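J.:
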Amino acid sequence: MGEKDLLPEDFIGILDRYELQALHIEPYKMVYRVEGRDGFFALKEIKFPEDEFCYIYGAMEHLAAHGFSAINRTIPTRDGYPYALWKGKRYALSRWIGGREADYSRRGDLKTAARTLAALHQASEGYFPPPWEGRIKWGTWQSSMEDKMNQLLDFKHGVRRIKRKNNFDLIFLSSVDYYISECIKALELLDKSAYDQINQKEAARQFFCHHDFAHHNVIIDEHGQGHVIDFDYCISDLRCHDLGSLMLRVLKRSGWDQNQALLALKYYRQVRKVSSKERDVLQSFLRFPQDFWQVAFACYVEQNQSEERLLRKLQTWVLDKPLREKGLHKLAKLI
0 MGEKDLLPED
10 FIGILDRYEL
20 QALHIEPYKM
30 VYRVEGRDGF
40 FALKEIKFPE
50 DEFCYIYGAM
60 EHLAAHGFSA
70 INRTIPTRDG
80 YPYALWKGKR
90 YALSRWIGGR
100 EADYSRRGDL
110 KTAARTLAAL
120 HQASEGYFPP
130 PWEGRIKWGT
140 WQSSMEDKMN
150 QLLDFKHGVR
160 RIKRKNNFDL
170 IFLSSVDYYI
180 SECIKALELL
190 DKSAYDQINQ
200 KEAARQFFCH
210 HDFAHHNVII
220 DEHGQGHVID
230 FDYCISDLRC
240 HDLGSLMLRV
250 LKRSGWDQNQ
260 ALLALKYYRQ
270 VRKVSSKERD
280 VLQSFLRFPQ
290 DFWQVAFACY
300 VEQNQSEERL
310 LRKLQTWVLD
320 KPLREKGLHK
330 LAKLI
């Protein structure tokens, strides 16, 4: 896991908080996989402030208390704390969920994932989280879309002033006007929808979203049951946010085949009803060019990824533009 790997004595100090005797420890992606006498565990450093972690921990505990146990629930220390403190850092331990990552191009996996997401959403009702402003997103879609559209406009004006433009700059300029127009369409769709009404109802019932329902965060066990991991980005927001995100992931993976997105919606609706008003809100979410904004933001603001990687992402969006337009147009008639 890099130059800051934990030393053997660190593992002893951390795991002693759990009275867990480790037989073997190895890094795995962004966590450590710990083999103990009674099974396997995941050890992960908590990167968030304590109050923000309480939102995440509370959300997972709420799900478990309301019948949704298919999560990597945090194991309390022997003193009852949700994390172990070691050398000024906090670490969380959870049971290792065995299985394989979901493949959204496989119909069976998509069915499991969509139904699992709907069940998670049902169980999320009634979560009154500790106050952490960055996680409370009720009623923010319009302002968020407007802010990102304005950033695209700022990037456009800034890049135009660059005398020696690189390949990323040139490709960005060739497509930015189209994606700004897509922002405007998304805002118009949102304005015509019952977003405010739905937001008011869902906020009153206190649902929340996983907010990172990528295939690698859905683990399917040997019995075909879906499990959800990594709640690091969970937020209080419309459940349509997660559903729209799943549909977009399926669209992009399938070359913008609207039928695959409809399958995700169909399987989700087998567990939770999605009203026609919610489907109108979904139209706005699907139309907004989040990924185009994200790659531009990564390049011109964050500047923490290689130019080659960002260029590949941008080229994908430019090449996919006709397929995206065709797929979203067809989907709008069928959703």
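So in numbering that gives the first Met the number 0, spot 125 of the sequence shown is number 124, and the numbers just go up one at a time. Built from N, CA and C at the ideal position, the CB exists for glycine as well. All values reported here derive from a predicted model rather than from experimental measurement.
(1) Between which two residues does the alpha helix (DSSP H) carrying H156 extend?
(2) Buried or exposed for D190, going by 16 or more other Cβ atoms inside 10 Å?
(3) Between R238 and P7, what straight-line distance do the alpha-carbon atoms span, to the nearest angstrom?
(4) Give the single residue among L310, E49, D231, G35 whose Cα lies nearest to the Cα of W95.
(5) So, for M0: in the same chain, excluding its five sequence neighbours on each side, which residues have a beta-carbon less than 6 Å away from its beta-carbon?
(6) So who's on the other strand from V406, going by DSSP bridges?
(7) When the Cα atoms are used, what is the spatial distance from K294 to L309?
(8) Would you say Y90 and K46 are within 8 Å of each other, going by their C-beta atoms?
(9) Using DSSP with H/G/I as helix, E/B as strand and the rest coil, what is H328?
(10) Within 8 Å, do at least three Cβ pairs link the stretch 180-188 to the stretch 278-295?
(11) Looking at R72: is its Cβ nearer than 8 Å to the Cβ of S235?
(12) Are the beta-carbon atoms belonging to A398 and G66 less than 8 Å from one another?
(13) Less than 8 Å separating the beta-carbons of I161 and D168?
(14) Give the C-beta separation of Q282 and A331 to the nearest angstrom, bearing in mind that I take them to be a contact with Cβ-Cβ under 8 Å.
(15) Taking Cβ to Cβ, would you say R204 is nearer than 8 Å to E124?
(16) Have a look at the DSSP bridge pairing and note the partners of G35.
(17) To the nearest angstrom, how far is it from the Cα of D146 to the Cα of F296?
(18) Let me know the secondary structure DSSP gives G1 once reduced to three states.
(19) If you check the beta carbons only, do F40 and L116 fall under 8 Å apart?
(20) DSSP on Y299, reduced to helix/strand/coil?
(21) Identify whether Y232 lies in helix, strand or coil by the three-state DSSP scheme.
(22) Counting beta carbon pairs with one atom in the stretch 126-143 and one in the stretch 267-279, are three or more of them shorter than 8 Å?
(23) Here's the rule: buried if 16 or more other CB atoms are within 10 angstroms of the residue's CB, otherwise exposed. What is T139?
(24) Specify the secondary structure class of R308 as computed by DSSP and reduced to three states.
(25) Using the beta-carbon count (16 or more within 10 Å), is G254 buried or exposed?
(26) Which same chain residues end up closer than 6 Å to W316 when comparing Cβ atoms and leaving out the 5 residues on each side of it in sequence?
(27) Taking C-beta to C-beta, are R248 and A213 nearer than 8 Å?
(28) Alpha carbon to alpha carbon, how far is L172 from K155? Give it in angstroms, no decimals.
(29) Pull up the distance between the alpha-carbon of H209 and that of D229, whole angstroms please.
(30) Suppose you measure from the CA of D337 to the CA of G38; what does that come to, to the nearest Å?
(31) Could you round the C-beta distance between A58 and F207 to whole angstroms and report it? I think they count as a contact, below 8 Å.
(32) At the level of alpha carbons, what is the spacing between R311 and L109?
T.: Looking at the atomic coordinates:
(1) By 1-based counting over the sequence shown, the position of residue 156 is 157. Segment 140-159, the alpha helix (DSSP H) holding H156.
(2) Within the sequence shown, the letter at position 191 stands for residue 190. Under this definition D190 is an exposed residue.
(3) For the purposes of this step, residue 238 is taken as the residue at position 239 of the sequence shown. For the purposes of this step, residue 7 is taken as the residue at position 8 of the sequence shown. One Cα belongs to R238, the other to P7, and the distance between them is close to 42 Å.
(4) The residue given as residue 95 occupies position 96 in the sequence shown. In terms of CA proximity to W95, G35 leads the group L310, E49, D231, G35.
(5) Here residue 0 refers to the residue found at position 1 when the sequence shown is read from its first residue. The predicted model places M0 with a pLDDT of 47, which falls under 50 and marks its position as unreliable; any figure quoted below should be read in that light. P26, listed in sequence order.
(6) With the chain running from 0 to 334 in the structure shown, residue 406 is simply not present.
(7) Here residue 294 corresponds to residue number 295 of the sequence shown, with the count starting at 1. Here residue 309 corresponds to residue number 310 of the sequence shown, with the count starting at 1. Here residue 294 turns out to be Val, not Lys, going by the sequence shown. The alpha-carbon atoms of V294 and L309 are separated by roughly 6 Å.
(8) Counting from one through the sequence shown, the residue named residue 90 turns up at place 91. Counting from one through the sequence shown, the residue named residue 46 turns up at place 47. Their beta carbons are not under 8 Å apart, which means Y90 does not touch K46 by this criterion.
(9) Locating residue 328 in the sequence shown gives position 329, counting from the first residue. The answer is helix: DSSP assigns H328 an H, G or I state.
(10) Contact between the stretch 278-295 and the stretch 180-188 is present, because at least three Cβ pairs lie under 8 Å.
(11) Taking the sequence shown and counting its residues from 1, the one referred to as residue 72 is at position 73. Taking the sequence shown and counting its residues from 1, the one referred to as residue 235 is at position 236. Going by C-beta atoms, R72 is not nearer than 8 Å to S235.
(12) The shown model of the chain, from 0 to 334, leaves out residue 398, and the question about it has no answer.
(13) For the purposes of this step, residue 161 is taken as the residue at position 162 of the sequence shown. For the purposes of this step, residue 168 is taken as the residue at position 169 of the sequence shown. For I161 and D168, yes; Cβs fall inside 8 Å.
(14) As a first step, residue 282 is located in the sequence shown; it is residue number 283 there, counting from the start. As a first step, residue 331 is located in the sequence shown; it is residue number 332 there, counting from the start. At roughly 6 Å, the Cβ-Cβ gap stays under 8 Å, so Q282 and A331 are in contact.
(15) Start at 1 with the first residue of the sequence shown, and residue 204 comes out as number 205. Start at 1 with the first residue of the sequence shown, and residue 124 comes out as number 125. A distance below 8 Å separates the beta carbons of R204 and E124.
(16) The residue labelled residue 35 in the question sits at position 36 within the sequence shown. Under DSSP, G35 takes part in a beta bridge, and its partners are A21, G38.
(17) Position 147 of the sequence shown, counting from 1, holds the residue named residue 146. Position 297 of the sequence shown, counting from 1, holds the residue named residue 296. It is roughly 12 Å from the alpha-carbon of D146 to the alpha-carbon of F296.
(18) Position 2 of the sequence shown, counted from the first residue, corresponds to residue 1. Low local confidence applies: a pLDDT of 43 at G1 is under 50, so the model's placement there is unreliable, and no value is given.
(19) If you number the sequence shown from 1, residue 40 lands on position 41. If you number the sequence shown from 1, residue 116 lands on position 117. Taking 8 Å as the Cβ cut-off, F40 and L116 do not qualify as a contacting pair.
(20) Working through the sequence shown from its first residue, we reach residue 299 at position 300. When DSSP states are grouped into helix, strand and coil, Y299 belongs to the helix group.
(21) Counting from one through the sequence shown, the residue named residue 232 turns up at place 233. DSSP, reduced to helix, strand and coil, places Y232 outside both helices and strands of the structure shown, so it counts as coil.
(22) Segment contact: the stretch 267-279 against the stretch 126-143, fewer than three CB-CB distances shorter than 8 Å; contact not assigned.
(23) Working through the sequence shown from its first residue, we reach residue 139 at position 140. Classification of T139: exposed, given that the 10 Å Cβ count is below 16.
(24) Position 309 of the sequence shown, counted from the start, is the residue given in the question as residue 308. R308 carries a helical assignment under DSSP once its states are collapsed to helix, strand and coil.
(25) The count along the sequence shown starts at 1 and reaches residue 254 at position 255. It counts as exposed.
(26) Position 317 of the sequence shown holds residue 316. Cβ neighbours of W316 beyond the five flanking positions: F291.
(27) Position 249 of the sequence shown, counting from 1, holds the residue named residue 248. Position 214 of the sequence shown, counting from 1, holds the residue named residue 213. Yes. Within cutoff.
(28) Residue numbering aside, residue 155 sits at position 156 when the sequence shown is read from its first letter. Residue numbering aside, residue 172 sits at position 173 when the sequence shown is read from its first letter. In a straight line, the C-alpha of K155 is about 7 Å away from that of L172.
(29) In the sequence shown, counting from the first residue as 1, residue 209 sits at position 210. In the sequence shown, counting from the first residue as 1, residue 229 sits at position 230. Distance between the alpha carbons of H209 and D229: 8 Å.
(30) Past the edges of the chain, shown from 0 to 334, lies residue 337, and the structure says nothing about it.
(31) Taking the first residue of the sequence shown as position 1, residue 58 is located at position 59. Taking the first residue of the sequence shown as position 1, residue 207 is located at position 208. Going by Cβ atoms, the distance from A58 to F207 rounds to 6 Å, so yes, they are a contact pair.
(32) Taking the sequence shown and counting its residues from 1, one reaches residue 311 at position 312. Taking the sequence shown and counting its residues from 1, one reaches residue 109 at position 110. Computed Cα separation, rounded: 27 Å.
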